[in-house]
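Colleague:
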Amino acid sequence: MKKNLSLCLVLGLLSASAFAGTTGTEFQELYDLVHDWATGYLGRAIALIFLLVGLGMGIVRGSIMGAVGCLAAAMCLLIAPSVVEGILTAVI
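According to mature numbering (1 follows the signal peptide of the UniProt record, and there is no 0), the residues represented by the sequence shown are -20 to -1, 1 to 72, in order.
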């Protein structure tokens, strides 16, 4: 057991850093465009529309569950770009 643990530790320390978010520069413009859409006014407008549609569904159905689903979608739209950015730029 100790041999396996020490081997994993040595291999972990000697491994190269991950560069998942730094290759493929030909897609940089597309990524910047979509990222700006999602984090800018377009993303905020879509999130607000999700919320309004959810509230409307909740009123029609007489249940708050429609609004909860749409609120979750709106939050994902606003939070997801920063999460993806953090995952892809992480260096181990």
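Just so you know, even glycine gets a beta-carbon here, dropped at the ideal spot from N, CA and C.
Can you check which of these residues, Ala27, Ile26 and Leu51, is closest to Gly38 by C-alpha distance?
Modeller: It is Leu51 whose Cα lies nearest to the Cα of Gly38.
Colleague: So, at 7 Å on beta carbons, what are the nonlocal neighbours of residue 75 in its own chain, with the 5 sequence-adjacent residues on each side left out?
Modeller: Given a span of -20 to 72 for the chain in the structure shown, any question on residue 75 remains unanswerable.
Colleague: Find the nearest neighbour of Thr19 within the set Ala70, Pro61 and Gly66, judged by alpha-carbon distance.
Modeller: For Thr19, the nearest C-alpha among the options comes from Pro61.
Colleague: How would you write the range of the alpha helix (DSSP H) that Glu65 sits in, first residue to last?
Modeller: Where Glu65 is concerned, the enclosing alpha helix (DSSP H) stretches over Met45 to Leu68.
Colleague: Under the assumption that Gly34 contacts Gly49 (Cβ atoms under 8 Å), give the Cβ distance between them as a whole number of angstroms.
Modeller: About 6 Å; that satisfies the 8 Å criterion.
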